[in-house]
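Colleague: What follows is a single structure, and I will ask about it in a moment.
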Amino acid sequence: GNSVTQMEGPVTLSEEAFLTINCTYTATGYPSLFWYVQYPGEGLQLLLKATKADDKGSNKGFEATYRKETTSFHLEKGSVQVSDSAVYFCALNPTGANSKLTFGKGITLSVRP
Amino acid sequence: GAGVSQSPSNKVTEKGKDVELRCDPISGHTALYWYRQRLGQGLEFLIYFQGNSAPDKSGLPSDRFSAERTGESVSTLTIQRTQQEDSAVYLCASSLAGPHTGELFFGEGSRLTVL
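Chains as they are written, first to last, in the numbering used here: chain A, 97 to 209; chain B, 929 to 1043.
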């Protein structure tokens, strides 16, 4: 079946540090891949996505590259800010119009001033 | 507001009682989803409504769970005879198109605690 595995958290970083959050997936075919973010007191919202191999999604300084050879979609940011403190979810959508998003467990990021 | 609205935000109930959770999607969104997040777990798909099509109920964990949606508006998720393992945050999301775009808009969730 389809699954998403995220690195264990929580993660605590100092402001301006480099961030990597690992995500690997298992799926048949060619899924689309997503990162969702949940800021404190808010609902999950789409951060970025990539729909085919070697695509790079980017938004708000975050990037993730769809790597089919390693079945990965790691999230990176060169310099984190306190406002990036949130829970980050990796997700995949298998091929097909009526398929459903499969989410990872999420990881909490805390950024210290 | 213009976002997905869920109520109640918190619900504490006794084992064996029935509960109803409500979701008001973004106006014009034809697709509506319910997910569940247990402590330390990922989001677990429960049910999906798309327009007037028959809902995809494949994620409902037991016959104690049911959901309805009136047209393209409000949805209610009902859990009958609640059990302690039902304790979780229940998330509702809506989208303009089907799930294949991946762009779901989530509410803040309803936290259910079964004592």
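Virtual Cβ for every residue (Gly too), placed ideally from N, Cα, C.
Since this is a predicted model, take the numbers as computed values, not measurements.
1. Name the residue from A:Tyr-184, A:Leu-109, A:Pro-209 whose alpha carbon lies nearest to the alpha carbon of A:Leu-140.
2. Excluding sequence positions up to five away, which residues of its chain have a Cβ less than 8 Å from the Cβ of A:Met-103?
3. For A:Val-178, name the three-state secondary structure that DSSP assigns.
4. Suppose the cutoff is 6 Å on Cβ atoms and the five residues either side in sequence are ignored; what does the same chain contact list for B:Asn-980 look like?
5. Could you work out which residues of chain A lie near B:Gln-969, taking near to mean beta carbons separated by less than 7 Å?
6. Taking the beta strand (DSSP E) that A:Ser-110 belongs to, which residues open and close that run?
7. Please list the partners that B:Tyr-1018 has in chain A, where partner means a Cβ-to-Cβ separation under 9 Å.
8. What residues of chain B sit near A:Gly-105, judged by a beta carbon separation below 9 Å?
9. For a cutoff of 8 Å on Cβ pairs, would you count A:Glu-172 as touching chain B?
10. Could you run through the region 113-144 of chain A and flag, in chain order, every residue whose CB is less than 9 Å away from some CB of chain B?
11. Name, please, each residue of chain A whose Cβ falls closer than 9 Å to the Cβ of B:Val-1002.
12. CB-CB under 7 Å to B:Glu-942, same chain, minus the five flanking residues each way: which ones, in chain order?
13. For the beta strand (DSSP E) containing A:Thr-116, name the first residue and the last one.
14. Bridge partners of B:Asp-952, per DSSP?
15. Just to confirm before moving on: does the CB-CB distance between B:Leu-971 and A:Phe-199 stay below 8 Å?
16. Please state the DSSP three-state secondary structure of B:Asp-1014.
Modeller: In terms of the structure at hand:
1. The residue from A:Tyr-184, A:Leu-109, A:Pro-209 with its alpha-carbon nearest to that of A:Leu-140 is A:Tyr-184.
2. Here A:Met-103 has Ile-117, Asn-118, Cys-119, Ile-203 as same chain residues with Cβ atoms under 8 Å from its own Cβ, once five neighbours each way along the sequence are excluded.
3. DSSP, read as helix, strand or coil, puts A:Val-178 in helix.
4. If the five residues before and after B:Asn-980 are omitted, its C-beta is found closer than 6 Å to no C-beta atom of its own chain.
5. Here the neighbours are Lys-201.
6. That run of the beta strand (DSSP E) goes 107-110.
7. For B:Tyr-1018, there are no C-beta contacts with chain A under 9 Å, since the nearest C-beta of that chain is about 12 Å from it.
8. For a Cβ distance threshold of 9 Å, nothing in chain B lies close to A:Gly-105: the least Cβ distance comes to about 10 Å.
9. Residue contact check for A:Glu-172 against chain B: no CB pair falls below 8 Å.
10. Residues passing the 9 Å Cβ filter: Ser-128, Leu-129, Phe-130, Tyr-132, Gln-134, Gly-137, Glu-138, Gly-139, Leu-140, Gln-141, Leu-142.
11. Going along chain A, no residue has its Cβ under 9 Å from B:Val-1002, so there is no contact; the nearest lies around 17 Å.
12. The beta carbon of B:Glu-942 is closer than 7 Å to those of Leu-1043 in its chain, skipping five residues each way along the sequence.
13. 115-117 is the extent of the beta strand (DSSP E) around A:Thr-116.
14. DSSP, once it has assigned bridges, lists B:Ser-933 as partnering B:Asp-952.
15. At a Cβ-Cβ threshold of 8 Å, B:Leu-971 and A:Phe-199 count as neighbours.
16. Correct three-state label for B:Asp-1014: helix.
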